[in-house]
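Quick mapping for you: the protein sequence lines, in order, are chains A and B. Each residue of the first sequence is one higher than the last, beginning at 1 in our numbering. Each residue of the second sequence is one higher than the last, beginning at 1 in our numbering. Just so it is clear, CB atoms sit at the ideal spot from N, CA and C, and this is done for glycine as well.
Number of protein chains: 2
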Amino acid sequence: MGRKQLWDQDEVLASAMRLFRHRGYLGASLRDIEEATGLHPGSLYRTFGSKDGLFHAALDAYNERVVRGRVRVHLLEPADPLAGIRSFFTSAIETGPEPDPGCLLTNTAVESFALPQAAAGVHHGLAAIEGGFADALTRARQHGDAPADLDVGTTAAHLLALYQGLLVLVRAGLPRTTLHSVTDGAMASIGSLRAPRKQDDHE
Amino acid sequence: MGRKQLWDQDEVLASAMRLFRHRGYLGASLRDIEEATGLHPGSLYRTFGSKDGLFHAALDAYNERVVRGRVRVHLLEPADPLAGIRSFFTSAIETGPEPDPGCLLTNTAVESFALPQAAAGVHHGLAAIEGGFADALTRARQHGDAPADLDVGTTAAHLLALYQGLLVLVRAGLPRTTLHSVTDGAMASIGSLRAPRKQDDHE
DNA sequence: TCCGTAGTTGAACGATTGCTCACAAAAAAT
DNA sequence: ATTTTTTGTGAGCAATCGTTCAACTACGGA
């Protein structure tokens, strides 16, 4: 019963994702959103309740589609796990035809004081990336491409930080040569984190 | 000639720095600024011309005082360069009494599409950090605390990315244990970047 | 066919935004 | 003492913000 919805929710969320990634939550006005998604405020508020609601739906969609998709393609599926890790990094630099670089997770983490309820979504996305690194590292260790005593957990956290840092530098507009050398450093650093030999420090 | 200025520019910029770091450029309204600095809009516009002008002055002051200060204390001056690098990282996690964590450079890089003219300031600050890392690494190599064939330039870029990534994760509110393991990973990865043996890749 | 329901539209709301400016206050110049 | 010059003050501006809502349109069931 009733009228049929004229717009596709996936397309609207994809547009919203792009807009929020580009401008941030505070930087994207509802007029911008209306223009980007084609949705009038009434439909928007009927469906998502508020700008916050739309943002959270877009963040969830980003985690579900973009993040998990990238993790699967680059970290879980490749036969060569180390090559996958490398392509995970380089694909954040060479974004191809996409106009603006960066990652909605990174941006939202930084903007989190304007969006306290978004913390959970950010944590989910970061955990998915970290888990992907851990999986690839475990497989690399099995294949003999990484030291047998590699500390997978610490290295995964290390790569997550490096990846987020790369996205900051991408966003800052640093030259591509610098960004690629960060990738090289990331690959070279794999293998330096060994031996869960108990390390005692900071009290 | 004329009346004496009743407020201290350094104090005002310090307050503005804190506010912008906490809320971001878009998230800090002029009413917030007025409350934080004690400056009425008239004086503010007389001195800085606009909200942008104040932001740029605050970013410059941040580079000049906070960034360069931290680089000097942790990276240039310590007799033990590696210990200095470690404390540079840990001091970003354990901020002490300061209420909110993070770095104005990181945040501004992410927010850069709202602030295109801030790119230069961000570049300056990042270059200062990278240069500090390079200095500390060079000295560590001289002291024999790092491999003689360490690629200082690439490692400095690597540490810069790691540091920015750490600040994103701090901002995301990840547990301190995770953050400290990133620091451990950073220290362990020093030494894995050797040999400027020409590396041919990505066309 | 006519009604009930779900969806669309866009004008308009009060609040807040960055910013201006007329006026008052204080110090130097005369 | 008066004028000139600089600074402080804060009410108020137009524009924009996120949001609401009444009128309208399309569909299914009676």
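Cα-Cα separation, residue i to residue j
i	j	result
A58(B)	H124(B)	14 Å
H40(B)	P97(B)	28 Å
I190(B)	T154(A)	15 Å
D151(B)	M187(A)	14 Å
S50(B)	L44(B)	8 Å
E11(A)	L115(A)	24 Å
D184(A)	E77(A)	21 Å
L19(B)	L54(B)	12 Å
D8(B)	S15(B)	11 Å
A120(B)	T178(B)	32 Å
G144(A)	P81(A)	11 Å
A79(B)	L13(A)	53 Å
R176(B)	Q117(A)	20 Å
P147(B)	S192(A)	13 Å
Q5(A)	E35(B)	46 Å
G2(B)	E64(B)	30 Å
A28(A)	E94(B)	33 Å
T108(A)	R139(A)	31 Å
T106(B)	V122(B)	8 Å
V66(B)	H158(A)	26 Å
G38(A)	D32(A)	10 Å
R46(A)	F48(B)	43 Å
A174(A)	P99(B)	According to the sequence displayed, residue 174(A) carries Leu and not Ala. If you take the alpha carbons of L174(A) and P99(B), they lie about 30 Å apart.
A172(A)	H56(B)	16 Å
Spatial neighbours of residue i in its chain, beta-carbon cut-off 7 Å, leaving aside the 5 residues before and after
i	result
L160(B)	L126, I129, E130, F133
R68(B)	A128
A156(A)	E130, F133, A134, L137
V71(A)	A128, I129, G132
L30(A)	P41, K51
D200(A)	Annotation note: pLDDT 46 at D200(A) (below 50); position unreliable, no value reported.
H22(B)	D100
Beta-carbon proximity list for residue i, same chain, < 6 Å, skipping 5 on both sides
i	result
H74(B)	G84, S87, F88
E111(B)	G24, Y25
Y62(B)	M17, L104
R141(B)	L150
Sequence-distant residues of its chain with Cβ nearer than 8 Å to residue i (five each side left out)
i	result
A92(B)	P101, C103, Y163, L166, L167, V170
H180(B)	T90, I93
D60(A)	G121
V182(B)	F89, L162, G165, L166, L169
F113(A)	none
Partners in chain A for residue i, counting only beta-carbon separations shorter than 7 Å
i	result
Q117(B)	None at all; the shortest Cβ gap to chain A is about 12 Å.
E111(B)	G24
Interface residues of chain B facing residue i [CB-CB closer than 9 Å]
i	result
R31(A)	Result: empty, since nearest Cβ-Cβ is about 15 Å, beyond 9 Å.
G173(A)	A109, S112, A119, V122, H123
G38(A)	Residues of chain B passing the Cβ test: none, with the nearest at roughly 22 Å.
Interface residues of chain B facing residue i [CB-CB closer than 7 Å]
i	result
A161(A)	L162, G165, L166, L169, V182
Contacts of residue i in chain A (Cβ-Cβ under 8 Å)
i	result
T155(B)	G185
D100(B)	F113
T178(B)	A157
L126(B)	L169, A172, L174
Listed by chain order, chain B residues near residue i by CB distance under 8 Å
i	result
G27(A)	L26, E111, F113, A114
T106(A)	V110, V168
L59(A)	Those do not exist, as L59(A) stays about 13 Å from chain B at its closest Cβ, beyond 8 Å.
Near-chain B residues of the segment 14 to 25 of chain A (beta-carbon distance less than 7 Å), N- to C-terminal order:
H22, R23, G24
Quick one, which residues of the segment 63 to 85 of chain A are near chain B if we go by CB-CB under 9 Å, in chain order?
none
To be precise: take each residue of the segment 128 to 153 of chain A, compare its Cβ to all Cβ atoms of chain B, and keep it if any distance is under 8 Å. Which residues remain?
G153
Check distances from the C-beta atoms of the segment 1 to 13 of chain B to those of chain A and list, in chain order, the residues that come in under 9 Å.
none
Under 8 Å (Cβ pairs) to chain A, residues found in the segment 41 to 52 of chain B
none
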